[in-house]
């Protein structure tokens with residue numbers, strides 16, 4: 001739910017956290033991305049970086065070149081005049097994934113827990129368009145909203161030391177993607193062969209927060225053929 | 232022209248290449264990284280005649296054993312980590328000339344945790360996403376995206392000739408006494424705490440062994456929450472210096488390898504004091520003192536003008 005007015009909190013002497021709503025919903029999150037976009041389009045003196053999350057944004061600024069009040073005014077001006085925010089148009093990104101087996105070692109668990117067949121899990125998981133709320137925890141880790149509640153699965157009690165890059169997992173009512181190998185506690189159901197992280201590109205990840213992701217089920221043969229074409 | 236200058240024989244416990252950090256990618260979850268003790272890394276570069284923002288080696292607890300491949304100048308600043316060249320002790324916070332064939336070695340830091348080694352001309356390494364800083368979790372920057380290993384060779388752009396040997400006077404060096412006073416602003420989630428806030432700003436905390444570039448973990452009086460049903464938050468961004476309190480009540484000062492998190496942050500260490508946190512070693516004692524936003528900004532101004540006006544003593 002979007003607040004009537006944004007709530008501001010100081011984060012030390014170089015940060016301003018602007019919360020525009022509570023909970024996790026798409027409307028609030030879209031407003032966050034639009035505000036981020038508006039700030040980045042015309043950053044005033046003292047701007048360092050802006051980081052979006054579910055219902056808030058953090059502005060990192062140089063307090064010698066700008067004052068905290070300048071930043072509060074800037075967020076408020078965009079908040080109350082949303083037409084002035086040039087829309088950050090969401091893109092639809094299709095990601096091919098191979099479900100189950102060694103690509104998704106927790107597939108059986110998720111299916112059994114919810115009284116579904118693995119085919120049901122694949123059908124349900126790949127039939128929804130997911131909204132990218134936020135990237136973080138590890139580089140490019142995508143927190144996706146909109147998962148069908150029939151796929152609910154708790155996190156692992158002990159996280160894996162290593163989750164392969166490209167893995168797709170479930171934690172409670174959320175699904176997410178690991179673009180780089182890292183430790184991780186989400187239940188893994190699939191993996192994509194495409195390279196999601198290309199540090200040399202201007203857009204280093206295949207998607208950004210505010211985009212929409214659709215998973216396309218592929219078989220092992222296609223997985224391997226895409227992997228090979230990646231070099 | 233890029234030249235090989237130093238070969239790593241033994242890497243030391245944790246040695247990485249860092250510069251001022253990687254900015255502009257935190258919205259993708261890529262943290263800033265960079266030298267934790269900014270003051271020491273800038274001074275190290277200046278002592279060798281390199282640019283302020285040139286990459287340096289960040290050496291944790293102890294440094295590497297290295298063979299010198301071509302004549303160069305170096306300087307070592309930060310932690311009190313004994314430096315020896317061919318077995319002879321050399322001064323820290325000073326320009327040191329090396330000749331081809333010399334062997335450089337470090338002892339274990341006596342005070343402080345992280346020392347910085349700069350090279351005349353600046354250490355050269357390819358940039359990843361605009362920075363040479365190593366972020367090993369994603370294999371970015373530095374030496375092939377990882378900490379240094381035996382056999383690695385460090386490069387320098389044209390080593391500066393005729394660098395005057397200089398040192399930084401003692402009065403400008405940070406005092407590393409094992410007791411840190413960190414000036415902090417309450418928040419962003421100070422409202423999650425009641426008595427806990429009192430505890431946090433009055434108790435003494437000890438730095439634990441579980442301390443890395445992601446965070447400095449503390450041990451001491453438990454910080455209690457106001458409401459036992461509100462122990463965490465919906466994940467939100469944080470900055471280096473934020474002090475998060477997990478449900479166990481033991482604070483963690485976040486450093487440079489994290490962008491978002493779901494723990495409440497009771498306070499944030501002011502940016503002028505982050506260099507001190509970089510030197511906090513296991514067993515050191517920390518007290519947090521509450522300051523106003525204005526005091527924090529003034530402290531940052533003082534640090535900046537001090538760095539601008541700092542003068543070296545010729546040797």
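Protein chains in written order, with the working numbering: chain A, 1 to 231; chain B, 232 to 546. Glycine included, each C-beta is placed from N, C-alpha and C at the ideal position.
| Item | Value |
| --- | --- |
| Using a 10 Å radius around the Cβ and a threshold of 16 neighbouring Cβ atoms, would you call residue 401/B buried or exposed? | exposed |
| Who are residue 320/B's beta bridge partners in DSSP? | 315/B |
| Just to confirm the assignment: which complete beta strand (DSSP E) runs, minimum length 3, are found wholly within the stretch 326-399 of chain B? | 326-329, 334-337, 342-350 and 384-388 |
| According to DSSP, is residue 236/B helix, strand or coil? | strand |
| According to the neighbour-count rule (16 or more other Cβ atoms, all chains shown, within 10 Å of its Cβ), is residue 63/A buried or exposed? | buried |
| Using the beta-carbon of each residue, which ones in chain B are nearer than 7 Å to residue 60/A? | 470 |
| Taking all protein chains shown into account, do 16 or more other C-beta atoms lie within 10 angstroms of the C-beta of residue 317/B, making it buried, or fewer, making it exposed? | exposed |
| Determine the closest residue to residue 195/A out of 188/A, 187/A and 204/A, with distance taken between C-alpha atoms. | 204/A |
| Is residue 252/B close to chain A, meaning its C-beta is less than 8 Å from at least one C-beta of that chain? | no |
| Look at the alpha carbon of residue 332/B and the alpha carbon of residue 288/B, and state the distance between them as a whole number of angstroms. | 20 Å |
| Can residue 499/B and residue 525/B be called in contact, C-beta distance under 8 Å? | no |
| Is residue 175/A close to chain B? Criterion is C-beta to C-beta, closer than 8 Å. | no |
| Bridge partners for residue 167/A per DSSP, in chain order? | 178/A and 191/A |
| By Cβ distance, which residues of its chain are closer than 8 Å to residue 33/A, with the 5 residues on each side in sequence left out? | 52, 88, 209 and 210 |
| State the beta-bridge partners of residue 428/B as determined by DSSP. | Beta-bridge pairing links residue 428/B to no other residue. |
| DSSP beta-bridge partners for residue 60/A? | 15/A and 49/A |
| Are three or more beta carbon pairs between the stretch 424-431 of chain B and the stretch 14-25 of chain A nearer than 8 Å? | no |
| Could you spell out where the alpha helix (DSSP H) holding residue 28/A opens and where it closes? | 26-41 |
| Taking DSSP's pairing of strands, which residues face residue 495/B in a bridge? | 476/B |
| Cα separation between residue 4/A and residue 102/A? | 48 Å |
| Report all residues from its chain with a CB closer than 6 Å to the CB of residue 328/B; omit the five preceding and five following residues, and keep chain order. | 304 |
| I want to verify the contact list: residues of chain A whose CB lies under 9 Å from the CB of residue 561/B, in sequence order. | Not covered by the structure: residue 561/B. The range shown for chain B is 232 to 546. |
| Expressed to the nearest angstrom, what Euclidean distance is found between the alpha-carbon atoms of residue 138/A and residue 324/B? | 36 Å |
| Can you pull the DSSP bridge partners for residue 519/B? | 413/B |
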